[in-house]
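Residue numbers (my numbering): 1 to 167.
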């Protein structure tokens, strides 16, 4: 009897632009925002009306970083609750630190890492799922599956390009 209320509450939060990571815990029983299916969320509970940002770098399978570290502002979705979202692929690792911006000097308040998904989804719901499945198939040397996933990705990419060109 709580599920309809939870579904309604999550929908209301989502419509206001508030997506919290614990919503994902309900994904097996109710429909959760697409944002949580594709992206990983970093959430920090800090001081209200403050400014928080992240410094993060993405590292691949070989342990090498891709490009320079990025600075990303975190969004205050509720009083004192700050979030940022990322897409992390299979065999990638996102290293991050959360910083509180102060008048004279910034202060690091949290560090952590996010791992890419280790399991493929049976149904590829997005281009990110397709790419993740493709990477796992390459590693497993499943040539037929690699070909099918590449073909599906190219088809969907061309379809989206054509739809946008109509607009």
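A virtual CB, placed ideally from N, CA and C, is assigned to each residue, including glycine. These numbers come from a predicted model, not from an experiment.
Here DSSP, grouped into helix, strand and coil, assigns residue 74 to coil. Under the three-state reduction of DSSP output, residue 18 falls in the coil class, being neither helix nor strand. Check the Cα spacing between residue 100 and each of 94, 109, 1 and 92: the tightest is with 109. Straight across, the Cα-Cα distance linking residue 93 with residue 64 is about 10 Å. Put simply, the backbone Cα of residue 113 is about 10 Å away from that of residue 59. Within the model, the alpha-carbon separation for residue 131 versus residue 141 is close to 15 Å. Beyond the five residues adjoining it in sequence on each side, residue 42 comes within less than 6 Å, by CB distance, of 84 in the same chain, given in chain order. In this structure, the CA atom of residue 67 is about 19 Å from the CA atom of residue 98. Here residue 23 is buried: its Cβ has 16 or more other Cβ atoms, across all protein chains shown, within 10 Å.
In the assembly as shown, residue 136 is a buried residue. Its beta-carbon has 16 or more other beta-carbons within 10 Å.
Cα atoms of residue 90 and residue 134: separation of roughly 10 Å, rounded to the nearest angstrom. Taken in chain order, the complete alpha helix (DSSP H) segments of 4 or more residues contained in the stretch 28-68 are 34-38. Per DSSP, reduced to three states, the secondary structure at residue 93 is strand. If you check the CB distance, residue 115 and residue 88 come in under 8 Å. Straight through space, the alpha carbons of residue 147 and residue 78 are spaced by roughly 45 Å. For residue 24, no beta strand (DSSP E) run applies, since DSSP gives it neither H nor E.
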